[in-house]
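**Q**
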Amino acid sequence: MSGRGIGMAPLRSPANLTGALVHRLAEEIRSGRLPPGARLPTEQDLMREAGVSRTVVREAVAALRAEGLVFTRQGVGAFVSDRPGEGIFRLTPSEAEGLQQVIQVLELRLALEVEAAALAAMRRDEASLAAIREAEAAFDAAMASGSDGAEADFALHRAIFAATANPHFLRLLEVLGRHAIPRRALGLVERSDAERRAYLEQVRREHRQVAEAIAAGDSAGARDAMRGHLEAARERYRRLAAQAGAGAA
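Set out below in structure tokens:
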């Protein structure tokens, strides 16, 4: 199916474009319209047909891969699996979209990403550092445009995982997909523009500390910076959960 699409209408679910694209492609696979062994449309074709960004397409393909519906060949593309549904682990929306579930995902990320940051500092090269810088710049641009920066945030963490030179780290992050970014999973909106910007500025500072330690080859510093970044996020959602509980009482 190289060079052509599948007649997909543009998606109209801005709150969860990745999930909508996953659902659409999974339907094509399960219905047999994309049979086993068929190549998925290219990134460019999916971006054009669905009207989404490259990041959304890549997250969707990663989610399909985690579910065992597709497999990828480096430099060739993604293909429908002959044995769909054999993914060993995945998160469903119901397992990652409540406050308590988000906190559990953050605990899982602490176990993974702290060490991933340290490995990235030891193994980074110019290409991986360029990818991290590109994601930082995308986050800055998203903030300037008034976006929540969730896609760029995920891209930064993905670039850090890639810098470990250990593909298993990256595969685990792909399984988490959009659930790795709590404000995306919950669709939370800050109470005011000032509060939203203050929070994103904090995230940007934390990202910068992690990125600088990785660039410097400081594995201990990268480990500490990533731990601080994720623990700050966890505490924020713990406070939100406590406030929600108090409101219910």
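Per the numbering used here, residue -16 is the first one in the sequence shown, and the count goes up by one each step.
In this text, a Cβ means the ideal position worked out from N, Cα and C, and glycines have one as well.
Quick caveat: nothing in here was measured; it's all calculated off a predicted structure.
Considering V40, what are the terminal residues of the alpha helix (DSSP H) in which it resides?
**A** R37 to A49
**Q** Could you check whether S202 and A101 sit closer than 8 Å to each other, using their CB atoms as the reference points?
**A** yes
**Q** By the DSSP assignment, the beta strand (DSSP E) with T55 in it spans what residues?
**A** Where T55 is concerned, the enclosing beta strand (DSSP E) stretches over V53 to R56.
**Q** Which of helix, strand or coil does DSSP assign to V233?
**A** No answer is possible for residue 233: the residues shown for the chain start at -16 and end at 232.
**Q** Exposed or buried, what is D131 when buried is set at 16 or more other beta-carbons lying within 10 Å of its beta-carbon?
**A** buried
**Q** Cα-Cα, which of E96, S64, D123 and L213 is closest to L155?
**A** E96
**Q** Which residue comes first and which comes last in the alpha helix (DSSP H) that contains V5?
**A** For V5, the uninterrupted alpha helix (DSSP H) segment begins and ends at L0 to R13.
**Q** Is the beta carbon of V63 closer than 8 Å to that of G20?
**A** yes
**Q** Where in the region 128 to 162 do unbroken runs of the alpha helix (DSSP H), each at least 4 residues long, occur, reported from the N-terminal end onward?
**A** 133 to 146 and 150 to 159
**Q** Check for me: the beta strand (DSSP E) holding A21 runs from which residue to which?
**A** Neither: A21 is in no beta strand (DSSP E) and is coded neither H nor E.
**Q** How many angstroms separate the CA atom of E178 from the CA atom of L17?
**A** 45 Å
**Q** Considering only C-alpha positions, which residue in the set E98, N149, V5 and R188 is nearest to A33?
**A** V5
**Q** For E134, which residues from the same chain have a beta carbon less than 6 Å from its beta carbon, with the 5 sequence-adjacent residues on both sides left out?
**A** T38
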